[in-house]
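Engineer: I am attaching a structure below and will ask some questions about it afterwards.
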Amino acid sequence: MYIGVLTVPLGGESLADALSYLDDIGVQGVELGVGGFPGDDHLDRTAYLDDESKQEELHDLLAEHDMQVSALATHNNPLHPDDEEAETADTELREAIELAAQLDVNTVTCFSGLPAGGPDDEVPNWITAPWPSEHADAHEYQWEVATEYWSDVAEFADEHGVDIAIEMHPNMLVYEPTGMLKLREATNERVGANFDPSHLYWQGIEVTDAIRFLGEEDAIHHFHAKDTKVYEPESRVKGVLDTTDYTDEANRSWLFRSIGYGHGESHWKDVVSTLRMVGYEGALSIEHEDSLTSSREGLEKAVDVLGRAVFDTTPGDAYWAE
């Protein structure tokens, strides 16, 4: 396991400068946005795809800083009812898979997407209850749309030898672990989780239990190191389905926080230990979205906590059990 960073917060500087900074603070890997919501500030997908010269330049730059790429990121909605938006997202995803294969990167991170509630609707519809019954019907329709789409993309990913790591995210069809396994079982084993605990904390999901649940099926392809704090004075009144603006921090029932500011260091040591128990040894890719501090301070504090949580060696023989 190693510490990585999704480089979006450093998008205002060159990739070379970002890598130099991350190298200095002890980061060993990067997750690079190539489209969708993460953007492509550090890796223009269309410029690097099929260009061996530019790909070699990227490899040289990474080697200079002893850095590896944990994943290419293209979070968007390929199931959008607007055909143009869905086509754009689909192109981004498929080209990201192609580029990942060419760069010897084995993972693309993304969202499941969210369809409309029916074939004639115009906007995505996040269904959170089965009643009234038209909501259950809408949910069934959405899974039919998703299964057809992701079965095709999963085959495409398998042909390229690339894993698809879906972030379980509210306002997407797959937002919790049972839905993640449902999509995996309906497609193939290339489909798994980009396990981001920040969205699970506020839903009341026990993160280490969820790691075990998905880990038993070898369904964790990537991991986002991101924290969340639930603020009970607000959540006790209005719950956690909160539409308050993210920058109105004092009135939100929960906030994304830097590692260690939502859950303590002992919790993050449990997370790392549980990941090791289920066989995950990839990146802990820090995603900074803490509005109470700057990107650099948030990243540095996260590296500090994770640096004490991550094991630097492989397990030795259990000589005491012999």
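First residue of the sequence shown: 1, per UniProt numbering; consecutive thereafter.
For every residue, glycine included, the Cβ atom is placed at its ideal position computed from N, Cα and C.
For A73 versus G33, is the C-beta spacing smaller than 7 Å?
Structural biologist: Closer than 7 Å, so yes.
Engineer: Quick one: using the 10 Å Cβ neighbour count with 16 as the cut-off for buried, is P233 buried or exposed?
Structural biologist: Exposed: under 16 other Cβ atoms inside 10 Å.
Engineer: Just how far apart, CA to CA, sit D24 and D196?
Structural biologist: Computed Cα separation, rounded: 25 Å.
Engineer: Along the chain, which unbroken stretches of the beta strand (DSSP E) at least 3 residues long are found entirely within the region 161 to 226?
Structural biologist: Complete beta strand (DSSP E) runs here, min 3: 163 to 167, 191 to 195, 220 to 225.
Engineer: Closer than 6 Å by C-beta to W143: which residues in its own chain qualify, once you throw out the five before and the five after it? Chain order, please.
Structural biologist: Excluding residues within five positions, none has a Cβ falling inside 6 Å.
Engineer: What separation, rounded to the nearest whole angstrom, lies between the Cα atoms of L241 and A101?
Structural biologist: Those two C-alpha atoms are separated by around 38 Å.
Engineer: Enumerated in chain order, which unbroken segments of the beta strand (DSSP E) with a length of 3 residues or greater are wholly contained in the region 233 to 320?
Structural biologist: Taking only runs of at least 3 residues, the beta strand (DSSP E) segments lying wholly in the region 233 to 320 are 254 to 257, 283 to 286.
Engineer: Round the Cβ separation of S285 and A225 to the nearest angstrom and send it over; I've been treating them as touching at under 8 Å.
Structural biologist: About 6 Å; that satisfies the 8 Å criterion.
Engineer: Buried or exposed for W126, going by 16 or more other Cβ atoms inside 10 Å?
Structural biologist: The residue in question, W126, is exposed, as its Cβ has fewer than 16 Cβ neighbours within 10 Å.
Engineer: Please return the same chain residues whose Cβ sits closer than 6 Å to the Cβ of L15, not counting the five positions on each side in sequence.
Structural biologist: The residues are H42.
Engineer: Rounding to the nearest angstrom, what Cα-Cα distance links V310 and A138 in this structure?
Structural biologist: Computed Cα separation, rounded: 43 Å.
Engineer: Which first and last residues belong to the alpha helix (DSSP H) in which A73 is found?
Structural biologist: It is not in any alpha helix (DSSP H) - A73 instead sits in the beta strand (DSSP E) that spans 68 to 75.
Engineer: Have a look at L10, W268, W254 and flag the residue whose alpha-carbon is nearest the alpha-carbon of residue 348.
Structural biologist: It is not possible to answer for residue 348, since the shown part of the chain is limited to 1 through 322.
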